[in-house]
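Numbering (our numbering), first residue to last: 271 to 715.
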């Protein structure tokens with residue numbers, strides 16, 4: 271890679287002992303500025319500007335994210351809670367925080383500044399009762415200034431977006447993202463999963479009742495999307511299901527806040543929450559991070575995905591760091607985990623309009639590739655999104671991922687995860703241009 275190309279990727283891959291960054295250099299633009307977008311792409315490939323600027327990814331030196339073994343491994347709750355308290359004492363934990371809506375297995379530990387977290391993680395490798403990961407911060411620049419929306423008036427069981435019942439739904443899709451704008455005009459009434467029906471959240475007071483999904487970014491029960499990204503991804507899914515008249519539910523899992531910020535703890539909480547919901551069939555992850563191969567790959571999220579291998583398919587974006595066509599494969603997580611229930615999605619240079627000829631379709635200039643861990647591709651450039659009476663265009667593998675998740679939801683029919691994954695792959699179209707780029711050499715049009 272040329273030295274003055276791909277500054278963001280260099281920062282993400284080389285400057286830190288442990289390194290992470292957001293998956294999305296996704297671009298969003300008004301319909302009147304498509305030519306400007308093309309100019310930006312050219313400039314970005316020359317290393318002059320950044321389509322979506324990101325702050326340097328940061329590891330939090332005195333924090334760890336841990337997950338305990340399931341409580342049914344113990345005789346009673348007292349024994350389980352005593353074990354957890356003893357572990358916190360042993361690891362010199364000063365404060366701890368469980369997930370705000372979960373089964374309390376995942377916790378964020380803060381240790382004294384003098385404690386070496388790498389040494390503690392080394393000790394934790396020998397544990398049977400818990401596992402641990404580094405805590406890190408992720409941040410995306412707020413490029414969604416066009417996403418101008420007011421604070422929702424209220425969100426409760428009476429909101430028309432929430433279904434009266436989950437019975438009869440063909441498929442339940444959990445979207446782990448920046449939440450969902452449930453007031454968006456193109457979403458149908460009753461499209462959201464009805465919470466409070468024996469899920470993992472509390473239901474004792476109005477403040478922590480689970481109406482539909484959860485907001486791990488702000489630790490409350492309102493998953494409203496102030497950032498825009500999750501709403502676009504969700505609409506790419508629901509528009510296909512609406513057109514086919516499928517009965518579905520969306521479970522919004524908000525992990526990014528209104529400024530595009532999150533951390534690994536919130537992501538782990540979100541993944542665990544979606545995986546623990548037995549109604550969820552498909553988990554959508556248009557987010558992620560990069561790690562040097564020699565470093566640990568954040569095993570808590572990895573373990574959560576592995577434990578759901580027989581019950582849930584994870585549609586995961588391949589990432590947007592490959593802006594140099596001569597670059598070798600850049601492994602992005604969680605899409606890079608090698609489990610049968612992960613479908614990793616790259617982006618093509620198509621727009622959903624079908625205007626390109628088959629011999630013109632190829633991998634998008636920004637999309638990661640890799641025949642060992644990227645499965646298929648889908649349209650990812652200048653995808654139209656209609657908002658507040660105007661048309662905007664989005665680009666990035668996040669949106670290829672959302673489109674593919676919609677395809678998977680259409681094909682879901684209570685079959686095995688392996689069968690569903692094969693059905694999705696088989697329904698895509700082969701392109702010779704994707705040979706040596708994605709494993710199955712296929713893309714959706």
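For every residue, glycine included, the Cβ atom is placed at its ideal position computed from N, Cα and C.
Using CA atoms only, rank isn't needed, just tell me which of the options is closest to residue i.
i, options, result
"residue 370", "341, 489, 427 and 542", "489"
"residue 492", "500, 498 and 483", "483"
"residue 606", "569, 697, 442 and 496", "569"
"residue 659", "485, 455, 447 and 387", "455"
"residue 397", "353, 386 and 457", "353"
"residue 677", "655, 652, 646 and 521", "646"
"residue 523", "357, 427, 546 and 410", "546"
"residue 218", "497, 505, 538 and 714", "A query on residue 218 cannot be resolved here, the shown segment of the chain reaching from 271 to 715 and no further."
"residue 627", "439, 703 and 355", "703"
With DSSP collapsed to three states, give me the class of residue i.
i, result
"residue 641", "coil"
"residue 533", "strand"
"residue 619", "coil"
"residue 660", "strand"
"residue 655", "strand"
"residue 669", "helix"
"residue 337", "strand"
"residue 709", "coil"
"residue 345", "coil"
"residue 430", "coil"
"residue 715", "coil"
"residue 569", "helix"
"residue 676", "helix"
"residue 579", "coil"
"residue 604", "coil"
"residue 610", "coil"
"residue 691", "helix"
"residue 703", "helix"
"residue 540", "helix"
Enumerate in chain order the residues of its own chain whose CB-to-CB distance from residue i is below 6 angstroms, with the five nearest sequence positions on each side excluded.
i, result
"residue 700", "711 and 712"
"residue 441", "518, 551, 679 and 682"
"residue 402", "334, 336, 391 and 394"
"residue 339", "399"
"residue 344", "350"
Among residues of its own chain, excluding the 5 on either side of residue i, which ones have a beta-carbon nearer than 7 angstroms to its beta-carbon?
i, result
"residue 451", "419, 494, 495 and 501"
"residue 716", "This structure cannot settle anything about residue 716, because the visible part of the chain is limited to 271 through 715."
"residue 592", "600, 636, 637, 638 and 639"
"residue 608", "643"
Excluding the 5 residues preceding and the 5 following residue i in the sequence, name in chain order all residues of the same chain whose CB lies nearer than 8 angstroms to its CB.
i, result
"residue 405", "329, 330, 333, 334, 335, 378, 533, 534 and 535"
"residue 364", "380, 381 and 382"
"residue 610", "579, 687, 688 and 691"
"residue 387", "331, 332, 333, 334, 381 and 404"
"residue 548", "581"
Mind checking if residue i is an interface residue toward chain C, Cβ cutoff 7 angstroms exclusive?
i, result
"residue 479", "Judged by its chain identifiers, the structure shown contains no chain C, having just a single protein chain."
Is residue i near the ligand COA, judged by its Cβ being under 6 angstroms from some heavy atom?
i, result
"residue 464", "By its list of ligands, the structure shown contains no ligand whatsoever, and the ligand COA lies outside what it can speak to."
Segment contact, 8 angstroms Cβ cut-off, at least three pairs: the segment 633 to 653 with the segment 612 to 620:
yes
Cβ pair count under 8 angstroms reaching 3, the segment 538 to 556 against the segment 565 to 580:
yes
With a cut-off of 8 angstroms, do at least 3 Cβ pairs link the segment 341 to 354 to the segment 506 to 515?
no
Is there contact between the segment 432 to 439 and the segment 673 to 684, where contact requires at least three CB pairs shorter than 8 angstroms?
no
Do the segment 690 to 697 and the segment 654 to 673 make contact, defined as three or more Cβ pairs closer than 8 angstroms?
no
Whole runs of the alpha helix (DSSP H) within the segment 483 to 530, excluding any shorter than 4 residues:
499 to 513
As an exercise, report each continuous beta strand (DSSP E) stretch of at least 3 residues that is fully enclosed by the segment 344 to 400, in chain order.
363 to 368 and 376 to 381
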